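S.K.: Protein chains in written order, with the numbering used here: chain F, 17 to 270; chain E, 611 to 910; chain H, 2 to 314. A virtual CB, placed ideally from N, CA and C, is assigned to each residue, including glycine. All values derive from a computational prediction rather than experimental measurement.
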Amino acid sequence: MQGRLTIKRLTKRFGGVAAADNVNLDFAPGSLTAIIGPNGAGKTTLFNLIAGRLKPDAGEVWLSGENVVGLPEVEIVRRGLSRAFQIASLFPQFTVEQALAAAVHARWRQSHSILRRFPLPSARARAREVLELVGLEAVAGQASQQLSHGDQKLLDIALALALEPRVLLLDEPTAGMGREARWQMIEKVHNLWSQQSLTLIFIEHDIDIVFQIAQSVRVLHYGKVLAEGSPREVRGNPAVIEAYLGATSASVPV
Amino acid sequence: MNLPALLDCVSSSSCVVTQVSTGLIIGMLLFLVASGLTLIFGVLGVINFTHGSFYMLGAYFSLTAYRVTGSYFDAVIAGALGVAVFGVVFERLFISPVYNSNVLMQLLVCYAFILILDDVVKIVWGTDFQTMGMPATFALPPIHLFGGFVPPFYVFLTGLTVAAAFSLSVLVNKTRFGKLVRAAAVNRQMLSCLGVNTSLLYAAVFGLGSLLAGAAGALAAPVRSMSPEMGFSILIESFIVTVIGGMGSIIGAFFAAVLVGIIRAFGSIGYPLFTDGLMFAFMALVLLVKPTGLFGRKLA
Amino acid sequence: MALSGCLVVIALALTLDNPQFADFVLRLSIFGLYALSLNLLVGYAGLVSFGHAMFFGFGAYAFGLLMQTGLVSIPLAFVVSIAGAAVLAVSVGALCIRLKDIYFGILTLAFQMLLHAVILSWVSLTGGDQGLQGGIPRPPFLGVDLGNPKQFFVLACVFFFGLVLLVRQMVESPFGYSLRMVRDNPERALALGLSVQRYKLAAFVISGTIAANAGVLMSLYVSGAYPNFAYWTLSGDGILMIMLGGMTVFLGPIAGAGIFLMLNGIITRTTEYSGLVMGIVLLCVVLGLRRGVLDFVFERCGPWAVRRLSREG
Ligand SMILES: Nc1ncnc2c1ncn2[C@@H]1O[C@H](COP(=O)(O)OP(=O)(O)OP(=O)(O)O)[C@@H](O)[C@H]1O
Ligand SMILES: [Mg+2]
């Protein structure tokens with residue numbers, strides 16, 4: 017059960033838009049799954065619903081055998097789910113090392129400690145480990161806001177990793193990168209997944225990347241699950257082809 | 611607390627008329643100041659804490675004009691326009707440099723000017739209380755109304771303010787200028803991209819807001835004694851009005867101003883020392899129940 | 002470093018034996034503490050409060066009233082006033098932190114003015130606009146006699162430096178860094194598992210309690226409490242102090258308090274138009290430097306000075 021994420025009948029509407037429409041999904045422990053779908057399909061909303069940032073109108077989210085709908089966001093984090101954001105979400109003035117150390121403190125429930133100095137030496141050592149894991153050790157002393165775009169995305173992922181999650185959600189880890197950088201990033205993500213025992217779910221627009229590394233794929237379209245299965249199955253699915261190619265010709269299945 | 615006095619008053623129609631008309635006057639003056647405050651906040655995103663001082667300047671400008679020309683209407687024009695011009699210069703020179711700084715920077719610039727203007731008034735007009743007296747035009751017998759007496763000037767002031775409120779809402783909601791103002795409130799960059807001179811627009815809005823404060827000062831001159839501290843208290847009250855009505859909402863400011871005016875008028879009988887507290891308590895309540903104020907739009 | 006500074010000041014004042022200097026040092030410790038506590042909220046937690054004087058005033062009145070009963074010793078009255086301020090801060094803070102940005106500030110202002118109105122109108126207890134009448138007794142305790150100016154001075158300085166060190170420890174602790182995270186990116190802090198609202202409340206309560214300490218010290222020093230201790234002008238002065246000194250340097254607020262007191266002293270002594278001069282100085286700082294004086298100095302002196310001072314301060 018640890019690390020399993022199961023979503024049942026999840027629904028969320030924004031006015032007339034159904035950003036999640038009766039979504040049923042299951043992610044096995046230790047799996048690597050890609051979520052694809054056109055812009056506005058409801059991918060980020062799905063993550064927000066899972067992480068507890070948004071409250072669903074209906075449905076359940078089972079994390080490691082517990083329904084977490086209605087729990088505050090921090091409680092869900094404490095139950096082993098963490099995430100990185102579509103637009104890297106950082107602490108601009110913190111150095112890379114400080115930011116990671118702070119995340120480690122959070123993981124260890126030391127963030128409120130007043131009697132000791134920041135960072136605790138042990139947290140700093142652990143931060144270094146995570147830095148090496150993602151390959152940011154060279155910029156450890158730089159302010160987060162001065163990092164290159166790619167390094168900012170990496171740091172965002174590193175912050176999530178520092179929480180030692182069982183389930184990790186990455187919202188477009190390759191967003192806004194050139195082709196070369198995308199492949200490097202995705203290789204890193206793949207390595208991280210294979211080294212840790214975690215359930216990794218990532219959103220990705222680049223179909224080539226998805227079909228290269230994901231074990232399985234879920235396709236979202238207008239808040240609905242359009243298709244799921246192995247990359248090969250999904251690639252041949254006529255509905256998916258319709259959604260991706262047909263969307264331009266405005267024949268929209270609602 | 612003096613409950614018997616309050617009950618006495620409520621049961622006598624002449625006292626009620628007196629208090630309601632007093633409350634309306636307070637409310638009208640408050641509205642004029644607060645509407646400028648709220649307009650400036652709604653469009654420029656700046657809380658102009660000098661607004662109370664503008665009101666004070668309006669009163670003193672009109673006092674001098676009245677003494678020179680002897681005409682109250684000239685005095686009102688002088689107060690309103692004089693402060694409008696001052697406001698535009700103030701905005702261009704001192705506020706525009708801090709548009710992109712944090713709130714505290716803007717606050718300090720305004721605070722500095724509160725201090726400066728108070729002293730300037732002391733230097734020019736002296737520290738003593740000054741009065742304009744009721745202009746001859748309005749020195750008429752009071753009007754008999756619902757068993758009470760209301761000074762004619764009160765009727766004039768209320769009528770003028772309601773007309774001003776009406777024109778203001780037409781200006782903002784129906785004219786091209788109003789369209790630009792509302793657009794600027796939502797997205798300044800976009801408006802610049804469309805070729806609108808937003809600096810000019812900002813200065814105009816600031817000028818309009820100042821004009822309202824100046825007019826309020828001029829209209830207050832016959833019924834209030836003037837002192838260099840008069841800006842402070844009206845600032846606090848109009849600020850409360852702005853918050854209760856919803857920052858950026860002109861209708862909100864109107865209702866809140868009348869409400870606060872009435873609370874003030876009756877509170878001064880029932881709870882003379884606690885009227886300020888009453889207003890702040892009311893404001894806290896509104897903020898907690900509806901942070902954007904009674905008429906405020908939902909913040910993005 | 003701080004301790005030695007403390008000793009130097011004490012020694013200086015005792016040897017100089019200059020009442021004016023001692024007065025300045027005492028006011029500096031009171032308002033320095035007050036500004037420092039406000040900066041914990043504004044600078045570190047990013048919560049701009051316009052009502053900080055509420056706690057200063059509460060501390061002063063609570064302590065003064067307790068002492069005037071003649072039933073309690075100074076330490077007991079002190080502890081009870083501070084505990085009362087903490088309770089006040091928890092209840093007011095829990096309401097205020099539900100709002101954001103300027104609305105948070107306005108709500109704090111409303112509560113502060115509410116306290117001010119209570120002080121003004123509850124004449125039988127507080128003396129209304131006259132302030133607490135009859136002085137505040139200072140019975141000796143544990144061999145300390147605060148009636149003796151020298152002893153009072155030493156104790157106040159020790160008290161001041163003790164609290165400054167405490168705040169220093171706090172902002173350099175994991176807790177202090179959590180406050181910065183909550184300030185800079187509350188969404189991310191939440192996603193890392195920090196209960197943002199709890200941190201805000203904690204900052205509010207700690208900051209309010211320290212301001213109450215300053216208030217207690219003030220009431221002891223002037224042997225009274227006055228409504229303007231809880232008036233919005235004092236809240237404004239606090240913001241002025243931290244902006245003058247600088248928000249990003251730990252000692253900035255204290256420097257700001259010093260600058261403010263000196264300016265005020267000089268201006269009121271030399272001109273009758275103190276507001277005019279003060280306003281112009283303020284404009285120069287805000288529009289000229291565009292940051293606090295210490296912020297400015299540190300940026301000019303470069304990272305060397307920053308590192309040095311932040312290591313030692
Ligand atoms: N907070 C919100 N309020 C109103 N509508 C929202 C909100 N968040 C998302 N939406 C709407 O829900 C739909 C799904 O948005 P979402 O951000 O989940 O899409 P996405 O699949 O992540 O798209 P992208 O690939 O562009 O990131 C969109 O129509 C969006 O406009
Ligand atoms: Mg998205």
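When you check each C-beta in the stretch 651-678 of chain E against every C-beta of chain H, which residues fall closer than 8 angstroms?
M.R.: Ile657
S.K.: Hey, quick one: how far does the beta strand (DSSP E) through F/Ser98 stretch, first residue to last?
M.R.: According to the DSSP assignment, F/Ser98 belongs to the beta strand (DSSP E) that extends over 97-100.
S.K.: Quick one: which chain E residues come within Cβ less than 8 angstroms of H/Leu115?
M.R.: Gly887, Phe890, Ala891, Ala894
S.K.: Decide yes or no for the touch test of the stretch 71-81 of chain H against the stretch 226-235 of chain H: beta carbon pairs closer than 8 angstroms, at least 3 of them.
M.R.: no
S.K.: Whose CB is closer than 7 angstroms to a heavy atom of ligand 2? List the residues in chain order.
M.R.: F/Lys59, F/Thr60, F/Gln102, F/Asp187, F/Glu188, F/Ile219
S.K.: Comparing C-alpha positions only, which one of F/Leu216, F/Gln211, F/Ala115 sits nearest to F/Arg3?
M.R.: Examination of residue 3 of chain F is not possible in this model, given that chain F is present from 17 through 270 alone.
S.K.: Counting C-beta neighbours from all protein chains within 10 Å, is the total for E/His754 16 or more, i.e. buried, or is it exposed?
M.R.: It is exposed - the Cβ of E/His754 has fewer than 16 other Cβ atoms within 10 Å.
S.K.: Classify F/Phe110 as helix, strand or coil using the three-state DSSP reduction.
M.R.: coil
S.K.: Do H/Asn265 and ligand 1 come close, with the Cβ less than 7 angstroms from some heavy atom?
M.R.: H/Asn265 Cβ: outside cutoff for every heavy atom of ligand 1.
S.K.: Can you give, in chain order, each stretch of the beta strand (DSSP E) that sits fully within the stretch 198-230 of chain F and has at least 3 residues?
M.R.: 215-219
S.K.: Between which residues of its own chain and E/Gly633 is the CB-CB distance below 6 angstroms, once the five residues before and five after are set aside?
M.R.: In its chain, beyond the 5 residues on either side, Gly871, Ile872, Ala875 have a beta carbon closer than 6 angstroms to the beta carbon of E/Gly633.
S.K.: Alpha carbon to alpha carbon, how far is E/Ala910 from E/Phe683?
M.R.: Bear in mind that the predicted position of E/Ala910 carries a pLDDT of just 33, short of 50, making it unreliable; the figure below should be weighed with that in mind. For E/Ala910 and E/Phe683, the distance between alpha carbons rounds to 43 angstroms.
S.K.: Starting from the C-beta of F/Tyr260, find all residues in its chain whose C-beta is less than 6 angstroms away, skip the five residues before and the five after it, and write them out in chain order.
M.R.: none
S.K.: May I ask you to report which of helix, strand or coil DSSP gives F/Glu10?
M.R.: Residue coverage of chain F in this structure runs from 17 to 270, which leaves residue 10 of chain F outside it and unanswerable.
S.K.: Going by DSSP, name the residue or residues bridged to E/His754.
M.R.: E/Phe759
S.K.: What does H/Phe317 reach in chain E if we use C-beta pairs closer than 7 angstroms?
M.R.: Shown here, chain H extends from 2 to 314; a query on residue 317 of chain H therefore has no answer.
S.K.: On a CA-only basis, which of E/Phe864, E/Ala685, E/Phe884 is nearest E/Ser592? Give me that one, please.
M.R.: Outside the shown range of chain E, which is 611 to 910, sits residue 592 of chain E, and nothing can be said about it.
S.K.: Cβ-heavy atom distance between F/Phe30 and ligand 1 below 7 angstroms?
M.R.: Yes, since a heavy atom of ligand 1 falls inside the 7 angstroms radius drawn around the Cβ of F/Phe30.
S.K.: Around the C-beta of E/Phe756, are 16 or more other C-beta atoms found within 10 angstroms, so that it is buried, or is it exposed?
M.R.: exposed
S.K.: Terminal residues of the continuous beta strand (DSSP E) containing F/Glu153?
M.R.: Careful: F/Glu153 lies outside any beta strand (DSSP E) and carries neither H nor E.
S.K.: Starting from H/Tyr104, find everything on chain E with Cβ-Cβ shorter than 7 angstroms and list it in chain order.
M.R.: Leu897, Pro901
S.K.: Spell out whether any CB of chain F is found under 8 angstroms from the CB atom of H/Asp185.
M.R.: yes
S.K.: Is the stretch 37-44 of chain H close to the stretch 209-221 of chain H, with three or more CB pairs under 8 angstroms?
M.R.: yes
S.K.: Which stretch, first to last residue, makes up the alpha helix (DSSP H) that contains E/Thr648?
M.R.: Annotation for E/Thr648: the continuous alpha helix (DSSP H) segment containing it runs 623-654.
S.K.: Could you work out which residue in E/Val851, E/Phe664, E/Tyr881, E/Ile635 is closest to E/Val765 when comparing CA atoms only?
M.R.: If we check each option's Cα against that of E/Val765, E/Ile635 comes out closest.
S.K.: Pull up the distance between the alpha-carbon of F/Val120 and that of F/Ala139, whole angstroms please.
M.R.: If I take the Cα positions, the gap works out to 6 angstroms.
S.K.: Expressed to the nearest angstrom, what Euclidean distance is found between the alpha-carbon atoms of H/Ala54 and H/Ser125?
M.R.: 22 angstroms
S.K.: If we ignore side chains and look at the alpha-carbon of each, how far apart do F/Val268 and F/Ala35 end up?
M.R.: Confidence is the limiting factor: at F/Val268 the pLDDT is only 40, short of 50, which leaves the residue's position unreliable and the question unanswerable from this model.
S.K.: Would you mind reading off the limits of the beta strand (DSSP E) that contains F/Arg69?
M.R.: Note, F/Arg69: premise wrong, no beta strand (DSSP E); not H, not E.
S.K.: What does F/Gly223 reach in chain H if we use C-beta pairs closer than 7 angstroms?
M.R.: Before going on, a small fix: residue 223 of chain F reads as Ile here, not Gly. Going along chain H, no residue has its Cβ under 7 angstroms from F/Ile223, so there is no contact; the nearest lies around 28 angstroms.
S.K.: Mapping the DSSP letters down to three states, classify E/Asp728 as helix, strand or coil.
M.R.: If DSSP states are grouped into helix, strand and coil, E/Asp728 belongs with the helices.
S.K.: Find out if the Cβ-Cβ distance for the pair E/Leu703, E/Val815 is shorter than 8 angstroms.
M.R.: no
S.K.: Go to H/Gly65, then tell me how far its alpha helix (DSSP H) extends in each direction, as first and last residue.
M.R.: 54-69
S.K.: Who are the neighbours of F/Leu175 on chain H, taking C-beta pairs under 9 angstroms?
M.R.: Arg189, Ala192, Leu193
S.K.: With a threshold of 7 angstroms, establish whether the CB of F/Val272 neighbours any heavy atom of ligand 1.
M.R.: Residue 272 of chain F is absent from the model: chain F starts at 17 and stops at 270.
S.K.: Name the residues in the stretch 719-736 of chain E whose C-beta lies less than 9 angstroms from a C-beta of chain H; which are they?
M.R.: Only those residues of the stretch 719-736 of chain E whose C-beta falls short of 9 angstroms from the nearest C-beta of chain H are listed: Val719, Tyr721, Ala722, Phe723, Ile724, Leu725, Ile726, Leu727, Asp728, Asp729, Val730, Lys732, Ile733.
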